[in-house]
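Asker: My structure is below; once you've seen it, I'll send some questions.
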Ligand code: 5GP
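Residue numbers (the working numbering): 131 to 346.
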């Protein structure tokens, strides 16, 4: 039987370099499937519908909510963001490790629905570094940068509910750390229930003196 994929959530302060980290993970390794979220915010320069996000109107987004097509959704600086359900379940069943790049509110809802999910939080090495990355990106107005920094301050309170903290100082190292953590998640007991059940059944059979499949 194909092993089910792991569900990994990656959150982090705006400007921590999550996007680059995700792209690099997918480029280096075959087994990752990146979930594309739906949002009602406008595309930034260079963003493509269906690649960075599905850019929807408020009406379209609210229809997805009503029809139960989102695993979770949240409001973030005046816009909706949400995770389409179908892709995530399909890919996990196909044995691929699915990564969701979503905020803290979304991560909490994922944990409720998928207790075996891995929650990673990405930060820059310092607050000063965060601000200069946001300013250097040059895509946001000063007001939006301030709003994102204020939100980062509130989000800092929620880091405790994550499993691991990734410090994105050296990108290369951060990518490898994320990869190792996600792969280790496959080995967790709660992700191997089926195998454990099989071993228990076989142990019962051995004790009963029955034949063990696969042995001579
Ligand atoms: P941005 O506008 O910079 O692309 O994303 C803003 C925030 O929305 C980020 O913190 C990002 O992680 C979060 N986000 C993106 N997609 C989703 C989603 O599907 N669900 C939730 N809850 N948050 C999301």
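Even glycine gets a Cβ: it sits at the ideal position worked out from N, Cα and C.
1. Taking 7 Å as the threshold (C-beta atoms), are residue 247 and residue 140 in contact?
2. Is the beta carbon of residue 252 closer than 7 Å to that of residue 296?
3. Thinking C-alpha only, which one of 333, 237, 134 is nearest residue 225?
4. So, for residue 278: in the same chain, excluding its five sequence neighbours on each side, which residues have a beta-carbon less than 6 Å away from its beta-carbon?
5. Pull the bridge partners of residue 279 from the DSSP assignment, please.
6. Does the Cβ of residue 324 have 16 or more other Cβ atoms within 10 Å, making it buried, or fewer, making it exposed?
7. Could you tell me the alpha carbon to alpha carbon distance between residue 276 and residue 219, rounded to whole angstroms?
8. In three-state terms, what does DSSP make of residue 227?
9. Please give me, in chain order, every unbroken run of the beta strand (DSSP E) with length at least 3 that falls completely inside the stretch 263–345.
10. When DSSP labels each residue in this structure, what does residue 163 get in the three-state scheme?
11. Among residues of its own chain, excluding the 5 on either side of residue 200, which ones have a beta-carbon nearer than 8 Å to its beta-carbon?
12. I'd like to confirm something about residue 236: is its beta-carbon nearer than 6 Å to some heavy atom of ligand 1, or not?
13. Tell me whether the beta-carbon of residue 182 lies closer than 7 Å to the beta-carbon of residue 239.
14. Report back the beta-carbon spacing between residue 321 and residue 315 to the nearest angstrom; my notes put them in contact at under 8 Å.
15. Residue 146 and residue 286 - do their beta-carbons sit closer together than 7 Å?
16. The alpha helix (DSSP H) with residue 150 in it runs from where to where?
17. For residue 149, count neighbouring C-beta atoms within 10 Å of its own C-beta (all shown protein chains included) and say buried if the count is 16 or more, exposed if not.
18. Where does residue 251 fall in DSSP's three states?
19. If you follow the beta strand (DSSP E) that residue 234 is part of, which residue opens it and which one closes it?
20. Taking residue 151 and residue 298 to be in contact with their CB atoms under 8 Å, please state how far apart those CB atoms are, rounded to whole angstroms.
21. I'd like to confirm something about residue 273: is its beta-carbon nearer than 6 Å to some heavy atom of ligand 1, or not?
22. DSSP three-state call for residue 131: helix, strand or coil?
23. Could you tell me whether any non-hydrogen atom of ligand 1 is closer than 6 Å to the CB of residue 285?
Answerer: According to the structure data:
1. no
2. The criterion of a C-beta distance shorter than 7 Å is satisfied by residue 296 and residue 252.
3. The residue from 333, 237, 134 with its alpha-carbon nearest to that of residue 225 is 134.
4. These residues qualify, in order along the chain: 144.
5. Note: residue 279 sits in no beta bridge, so no partner.
6. exposed
7. 36 Å
8. Correct three-state label for residue 227: strand.
9. Here the runs fully enclosed are 294–297.
10. Strand, per DSSP.
11. The residues are 168, 194, 212, 213, 214, 215.
12. True, at least one ligand heavy atom lies under 6 Å from that Cβ.
13. No, these two residues do not count as a Cβ contact at 7 Å.
14. 6 Å
15. Against a cut-off of 7 Å, the Cβ pair of residue 146 and residue 286 comes out as no contact.
16. 148–158
17. exposed
18. strand
19. First-last for residue 234: 234–243, but that is the alpha helix (DSSP H), not the beta strand (DSSP E).
20. 6 Å
21. no
22. The predicted model places residue 131 with a pLDDT of 46, which falls under 50 and marks its position as unreliable, so this point remains unresolved.
23. no
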